[in-house]
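Sequential numbering of the sequence shown, starting at 27, is according to this note's numbering. For each residue, glycine too, the CB sits at the ideal point set by N, CA and C. Okay, so here's the structure we're looking at.
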Amino acid sequence: MKKLIILFVFISSTCFSQDIIFNFQKAQLYKITMEGANDFNKADNIGRTMEKMQLAIFSYVDPTTSTGYFIVDNFYKVHEIEKAINNQSGYKYIGFEEMQLSETLFLEIYMKRGGFGTAEFSNQPPKKIQMGPFNELTYSLFNKANEIWDKKYKK
């Protein structure tokens, strides 16, 4: 009985401790237009909410245009993001556009989420962005951003 309990604890701990892993080749990018994300706090809030709900792997919402860039692992998540945006008070989903996730676009999204303006991209490498409790995701995103930054800007 004791061995059975230990086995159960081991199996359940490995099942519940699964971390989200970022796979650049399999990721999909969608540009989602919405109303209500018109200042930094609102834009940041809606992006982080989609990540906390595990609808988006990574996101950046531009407060000047109320446009969000959401990296997801499958198309179905876009419809879930639509529902979630419409269920948030003060936000309204307008539409989406599928985009090709290139290294340049990924780095731009990552750097903007990290607080860098476009003119500052080449000045310093990306900062690590902590993705809540998902350490593997944090490091896989950070490592990919650093790899791209090194190729593009490191002298």
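Just mark residue 121 as buried or exposed, buried being the case when its beta carbon has 16 or more other beta carbons within 10 Å. Position 95 of the sequence shown holds residue 121. So residue 121 ends up on the exposed side.
Pick helix, strand or coil for residue 76, following the three-state DSSP scheme. The count along the sequence shown starts at 1 and reaches residue 76 at position 50. Helix, per DSSP.
List the endpoints of the continuous alpha helix (DSSP H) containing residue 135. Locating residue 135 in the sequence shown gives position 109, where the first residue counts as 1. Unbroken alpha helix (DSSP H) run through residue 135: 129 to 139.
Runs of alpha helix (DSSP H) lying entirely within the stretch 86 to 135, each at least 4 residues, in chain order: Those alpha helix (DSSP H) runs which fall completely within the stretch 86 to 135 and span 4+ residues are 102 to 113.
Let me know the secondary structure DSSP gives residue 84 once reduced to three states. Working through the sequence shown from its first residue, we reach residue 84 at position 58. The three-state secondary structure of residue 84, taken from DSSP, is strand.
Can you round the beta-carbon distance between residue 155 and residue 144 to whole angstroms, since I take them to be within the 8 Å contact cut? Here the question's residue 155 lines up with position 129 in the sequence shown. Here the question's residue 144 lines up with position 118 in the sequence shown. In this structure residue 155 is not in contact with residue 144, their Cβ atoms being roughly 17 Å apart against a cut-off of 8 Å.
When we look at the beta-carbon of residue 141 and count the other beta-carbons within 10 Å, is it buried (16 or more) or exposed? As a first step, residue 141 must be located in the sequence shown, where it is residue number 115. Note on residue 141: under 16 other CB atoms within 10 angstroms of its CB, so exposed under the neighbour-count rule.
For the stretch 57 to 73 against the stretch 128 to 138, are there 3 or more C-beta pairs whose distance is under 8 Å? The stretch 57 to 73 makes no contact with the stretch 128 to 138: fewer than 3 CB pairs, one atom from each, lie closer than 8 Å.
Do residue 48 and residue 170 count as a contact pair if the criterion is CB distance below 9 Å? Reading the sequence shown from its first residue, position 144 is the one you call residue 170. Reading the sequence shown from its first residue, position 22 is the one you call residue 48. At the C-beta level, residue 170 and residue 48 come within 9 Å of one another.
Alpha carbon to alpha carbon, how far is residue 92 from residue 37? Give it in angstroms, no decimals. Here residue 37 is taken as the residue at index 11 of the sequence shown, counted from 1. Here residue 92 is taken as the residue at index 66 of the sequence shown, counted from 1. Because residue 37 sits at a pLDDT of 49, beneath the cut-off of 50, its placement in the model cannot be relied upon, and the following sentence gives the value as read from the coordinates. When the Cα atoms are used, residue 37 and residue 92 turn out to be separated by approximately 43 Å.
Starting from residue 58, follow its DSSP beta bridges and name the residues at the other end. As a working note, residue 58 is residue 32 in the sequence shown. DSSP, once it has assigned bridges, lists 94, 122 as partnering residue 58.
Rounded to whole angstroms, how far is the Cβ of residue 54 from the Cβ of residue 98, which I believe are closer than 8 Å? Here the question's residue 54 lines up with position 28 in the sequence shown. Here the question's residue 98 lines up with position 72 in the sequence shown. Contact flag correct, Cβ pair sits at about 5 Å.
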